[in-house]
Structure formats: C-alpha cells, structure tokens
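*Asks:*
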Amino acid sequence: MKFLFLALILLVNFSVYGRKFDILRPSDRDSSYVESFSNDLIISIYTSEKTHSLDLRDATNSYRLQYLPNGKVNMGVGFSYRGFGISLATRVPFFQENEDRKGETKRLGIQSYFYSNKFSFDLLTSFSKGYYLNRSLQHFGTLYSEREYQRPDIASANIGVSANYIFNHRKFSYKAAFTNTERQRKSAGSLLAGAGILSYFTRADSAFVPRGIDEKYFPKSRDVKETGILAFNLNGGYAYSLVFLKNGIVTVSYLVGSGIQENKVDKTILPGVSKLILSLNQTGRFGIGYRLNKYYLRASFISSSQFTRLKHNDLIIRNGTDYFQVSLAKRFSLN
Numbered sequence: 002m003k004f005l006f007l008a009l010i011l012l013v014n015f016s017v018y019g020r021k022f023d024i025l026r027p028s029d030r031d032s033s034y035v036e037s038f039s040n041d042l043i044i045s046i047y048t049s050e051k052t053h054s055l056d057l058r059d060a061t062n063s064y065r066l067q068y069l070p071n072g073k074v075n076m077g078v079g080f081s082y083r084g085f086g087i088s089l090a091t092r093v094p095f096f097q098e099n100e101d102r103k104g105e106t107k108r109l110g111i112q113s114y115f116y117s118n119k120f121s122f123d124l125l126t127s128f129s130k131g132y133y134l135n136r137s138l139q140h141f142g143t144l145y146s147e148r149e150y151q152r153p154d155i156a157s158a159n160i161g162v163s164a165n166y167i168f169n170h171r172k173f174s175y176k177a178a179f180t181n182t183e184r185q186r187k188s189a190g191s192l193l194a195g196a197g198i199l200s201y202f203t204r205a206d207s208a209f210v211p212r213g214i215d216e217k218y219f220p221k222s223r224d225v226k227e228t229g230i231l232a233f234n235l236n237g238g239y240a241y242s243l244v245f246l247k248n249g250i251v252t253v254s255y256l257v258g259s260g261i262q263e264n265k266v267d268k269t270i271l272p273g274v275s276k277l278i279l280s281l282n283q284t285g286r287f288g289i290g291y292r293l294n295k296y297y298l299r300a301s302f303i304s305s306s307q308f309t310r311l312k313h314n315d316l317i318i319r320n321g322t323d324y325f326q327v328s329l330a331k332r333f334s335l336n
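Residue numbers for the sequence shown follow the working numbering, so the first one is 2 and each next one is one higher.
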C-alpha cells in the first residue's frame, strides 16, 4: 500500500492548456476549421504506457541489439475547463509484464506533451534502471527460451525539451487529435519548425554487448559500457489531419531535427571517438479519434529517436522514447 501511494504521487501529471499558453486568441482561429470546447467541462479516463529503448546496431551489417525496460501500464482520470487541465494516473499491477521473464525495472520521470494554438511542447524526464534484451532467443538460442536475458545493471537518465511552431495555426489543431479540448471540422495541415535540447546517458557495470554474442559483431566496440549525448537540434516537419465521416479524425505528423551533439563515451575504450558530431533525431505522431454526441474516443502514439554514430564506424546507438495512450472523454456544457 505504501508503494502504491508513492507511485500515485510520483505519477501525477499536470497538463496546463491555460490562456497564457494560447498566444493566439480564439477569435483569430478559423471557426469553420476548428471548434473550441475550452468553456466546457471535459472529464476523461485513459490508459497509457511510456517506455525508453536502447538500440545498438552494427554499422557494417544488419545485426541489432535492443534493450527495453519491463513494460508498465498506467490508468488515470483527468479534467479540463476554461484552458486548465489536470490528470492523475497510477500503475495497474495486473497489466505488468512478468518480472521472472523480463526482470524488474525501477523508474521515475515525467513524459508530457503540451499543445497551445501556435506551439507544441515536448517534455521528457526519465530515469530507469533494469533492462532486458529483446528477443533473447534470437541471439542466444534455447539458453533463453524461458526468459529474456536480463540486465539489472543498466541505468539510463534522459532529459529533453523541445518547442515547435505551427504555421497554419488558424486552420490546423493539434489539440483536436491529442487532447479532448477542440474539434477539427475540416481536413487541414501545417508546416512545423522549432528547436530542442536533449540529453541521454546510459551506463552499466559491464559491456552493453553480452559475452555470448558472436565476436564478428561490434568488433571494435564490444567493451563499451557507458554512452551519452548532449544535443542541440533545429527541427522541421509537417502535420496533417484528415476528417472522416464528419466526426472522425486521423492525424499524422513527422519532424526531423539536425544540429550538433557532444558524445560522452569512455575514452579509455574508444579514444578515437569524435567529441562533437552532427546530430540527427526524429519525432513521429499518430492520432485517431471519433466523436459521438458529447463523447470522444481516441488513441495516440508518439515516438522520438536520437541517433549516435561513433567514429569507429561499427556502432550506431539509438535512444528512443515511446508514448501510447487511449482515452474516453465526455464533454459537459456549463453555459
């Protein structure tokens, strides 16, 4: 009970869609394209899952190792009214993956996405310890047929923030797809541009590449047990919402970012690694929803990746964060 109470407190998510974020006045929106429900009380229930992945790829062939945390599903409730929103979530024990098979993951953090009329904001703070090697059977054979290869020693700390401008903000609404506070009346799209700062750091007590992996893979980077980056990126992309059957919506957006990043790797193992290199990242969003009278059912998926290619040219590292949510909301008119 003590742990459940602590988890409840730590997983409180505040989402402010307040008027101070809505730089564009509602009267400046094209009402034939976007309908606002900011004056209505909206109550929702939702389930969500957040995860961080560490991918190691041999740049000389297609061989890949992917470390994942043990999955955790949250359930919560939320409300929004007059531009202010708050949600509260807690983990659902009976939805958790088997710890005997995939090990235990300890985690703490907030992964939030804010949408105003003109901007989208992404915030990531994630601290995890305890990973497993995905598809261990493929790498080790029957030795790991009953359970995955577990790495309780791998720990990661990831922090990032980005902001992107929505050029066609008069006709296109992110809120219509990813929150419950607006409705997209007609199909519309928009160019996106912005910037972000990201920091990923991962370390382990022993090498990321297990000893049982064939030595022909990662020949120059088998002893790497610590890696991290600090990246500054400029982003550009496009988003589009398709309205179907009058009350349905499908939204897809893609952002690619490039800039400069500082590599942090154990120099005693990889002394030739460049400290400053070109940075590359990407963020994709997908949302689908349907309104029936004052009810709204939606599902959304957001995935971000940051890539690091070491100078030795046999190791590519990808840090990824994924967020999935399904929600059911009801709108109450108080006027």
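Yeah, the Cβ is synthetic: ideal placement off N, Cα and C, and Gly gets one too.
Predicted model only: the values in this text are computed from it and were never measured.
Since K176 is in the alpha helix (DSSP H), which residue starts that stretch and which ends it?
*Replies:* K176 to F179
*Asks:* Just the Cα atoms here: how many angstroms apart are Y338 and G110?
*Replies:* Within the shown structure, residues of the chain are numbered from 2 to 336, placing residue 338 beyond reach of any answer.
*Asks:* With DSSP collapsed to three states, give me the class of R102.
*Replies:* helix
*Asks:* Is the number of C-beta pairs between the region 274-290 and the region 245-253 that are closer than 8 Å three or more?
*Replies:* The region 274-290 vs the region 245-253: in contact.
*Asks:* By Cβ distance, which residues of its chain are closer than 8 Å to F333, with the 5 residues on each side in sequence left out?
*Replies:* Around F333: D41, L42, I43, I44 and K295.
*Asks:* Ends of the alpha helix (DSSP H) at S137?
*Replies:* S137 to F141
*Asks:* Of all the options G161, F245, G86 and Y239, which has the alpha carbon lying nearest to the alpha carbon of F122?
*Replies:* G161
*Asks:* With H, G and I counted as helix, E and B as strand and the rest as coil, what does DSSP make of Y145?
*Replies:* helix
*Asks:* Do you know how far the Cα of Y64 is from the Cα of S157?
*Replies:* Between S157 and Y64, the C-alpha separation is close to 23 Å.
*Asks:* In chain order, which alpha helix (DSSP H) runs of at least 4 residues are fully inside the region 56-129?
*Replies:* 100-103
*Asks:* Do T182 and S39 come within 7 Å of each other at the CB atom, strictly closer than that value?
*Replies:* yes
*Asks:* Could you give the first and the last residue of the continuous beta strand (DSSP E) run that contains T1?
*Replies:* Outside the modelled stretch of the chain, which goes from 2 to 336, sits residue 1, for which no answer is possible.
*Asks:* According to DSSP, simplified to helix, strand and coil, what is D29?
*Replies:* Residue state, collapsed to three classes: helix.
*Asks:* CB-CB under 6 Å to Q151, same chain, minus the five flanking residues each way: which ones, in chain order?
*Replies:* Closer than 6 Å at the Cβ level, and outside the excluded window around Q151, lie G104 and Y133.
*Asks:* Exposed or buried, which one is K21 when buried takes at least 16 other CB atoms within 10 Å?
*Replies:* Low per-residue confidence applies at K21: pLDDT is 38, beneath 50, and the placement is therefore not dependable enough to give any value.
*Asks:* DSSP three-state call for E50: helix, strand or coil?
*Replies:* DSSP places E50 within a strand segment (E or B) once states are collapsed to three.
*Asks:* Using three-state DSSP, classify R248 as helix, strand or coil.
*Replies:* It is worth fixing the name first, because residue 248 is Asn in this sequence and not Arg. Coil, per DSSP.
*Asks:* Quick one, are the C-beta atoms of L55 and Y68 less than 7 Å apart?
*Replies:* Yes, Cβ-Cβ distance for L55 and Y68 is below 7 Å.
*Asks:* In whole angstroms, what separates the C-alpha of V74 from that of L138?
*Replies:* 25 Å
*Asks:* Go ahead and pull the three-state DSSP assignment for I230.
*Replies:* strand
*Asks:* Taking the alpha-carbon of K221 as reference, which of D323, I317 and Q326 has the nearest alpha-carbon?
*Replies:* I317
*Asks:* Tell me the rounded alpha-carbon separation between A178 and S33.
*Replies:* Distance from the CA atom of A178 to the CA atom of S33, rounded to whole angstroms, is 17 Å.
*Asks:* Could you pull out every residue in the same chain whose Cβ sits closer than 7 Å to the Cβ of I278, ignoring the five residues on either side in sequence?
*Replies:* Q262 and N264
*Asks:* Here's a check: name, in chain order, each residue in its chain whose Cβ is nearer than 6 Å to the Cβ of K130, leaving out the five neighbours to either side.
*Replies:* K107 and A156
*Asks:* Check each candidate in R58, Y82, E50 and L124 and name the one with the smallest Cα separation from T91.
*Replies:* E50
*Asks:* Verify whether the separation of the beta carbon atoms of G53 and T322 is less than 7 Å.
*Replies:* Before going further, note that residue 53 is His rather than Gly in the sequence given. Contact flag set, yes.
*Asks:* When DSSP labels each residue in this structure, what does Y218 get in the three-state scheme?
*Replies:* Looking at Y218 - three-state DSSP - the assignment turns out to be coil, as it is neither helix nor strand.
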